[in-house]
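Position one of the sequence shown corresponds to residue 368 (our numbering), numbered consecutively onward. To keep things clear, I will list the structure first and then write my remarks on it.
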Amino acid sequence: MPIATKGEYWFVKKSKVHGRGLFARKDIPKDTKVIEYKGTRMPASALPDVDESDPDGHHTVIFSLDDGTLIDASRKGNAAQFANHSCAPNCDTIEEDGRIYIRSLKKIKKGQEIVYDYHLYLEGPFNKEWIKDYACHCGSRKCRKIMLNRKIPKKYLNLV
368 MPIATKGEYW FVKKSKVHGR GLFARKDIPK DTKVIEYKGT RMPASALPDV DESDPDGHHT
428 VIFSLDDGTL IDASRKGNAA QFANHSCAPN CDTIEEDGRI YIRSLKKIKK GQEIVYDYHL
488 YLEGPFNKEW IKDYACHCGS RKCRKIMLNR KIPKKYLNLV
């Protein structure tokens, strides 16, 4: 099924952050549900393995709901999967009635990229592979250099 490339508030185009991105079609007011995050729903036990040979294998398109259900946008997803990460986001995500929405945190001007902080969570001790696999390229002055929900330990700072 093709993915829509435009909606009421957004359109998809090449991004300076990563691949394709979502951009504001018109000014978007603060606290607007910009787009619902859609995809195949599955239990966490059905999570597909990541193909380590795939250079984009670590680019996440999976959301976890409060009840543990996962939404995999790589399967029957929509354009919400193209919203890129930023350490200085103009959006966040909210869960309402078992659905995920990308919501504006402030007014977004026409043409601006729609971005949110992924706050990715990985279990286990920090390792140098994570720096490469989850590197952030948002370019903001507040950039953490990584899309994870934790800071890079000092001993790894020379790798970024």
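Glycine included, C-beta positions come from ideal geometry on N, C-alpha and C.
In terms of residue numbering, what span does the beta strand (DSSP E) encompassing residue i cover?
i, result
"D541", "Since the displayed the chain opens at 368 and closes at 527, residue 541 lies outside it and no answer follows."
"D459", "458 to 463"
"F378", "377 to 381"
"I467", "466 to 471"
"Y483", "480 to 483"
List the DSSP bridge partners of residue i.
i, result
"I438", "R408, F430"
"A450", "DSSP output for A450 lists no bridge partner at all."
"I395", "I475"
Within the same chain, show all residues whose beta-carbon is closer than 8 Å to that of residue i, passing over the 5 residues directly before and after it, in chain order.
i, result
"K381", "R387, G388"
Thinking C-alpha only, which one of the options is nearest residue i?
i, options, result
"R508", "I461, R517, I475, C454", "C454"
"A502", "K495, K443, C510, M514", "M514"
"I467", "K499, N457, A391, Q448", "Q448"
"L489", "W497, G506, V482", "W497"
"G444", "K373, R392, G406", "G406"
Cutting at 7 Å between CB atoms, please list the residues of its own chain near residue i, excluding the five before and the five after it.
i, result
"H385", "N451, H504"
"E462", "L432, D433"
Going along the chain, which residues of its own chain have a beta-carbon closer than 6 Å to the beta-carbon of residue i, five neighbours each way excluded?
i, result
"T436", "R408"
Run the proximity test for residue i: is its beta-carbon closer than 6 Å to any non-hydrogen atom belonging to the ligand ZN?
i, result
"C505", "Questions concerning the ligand ZN fall outside what the structure shown contains, since it holds no ligand whatsoever."
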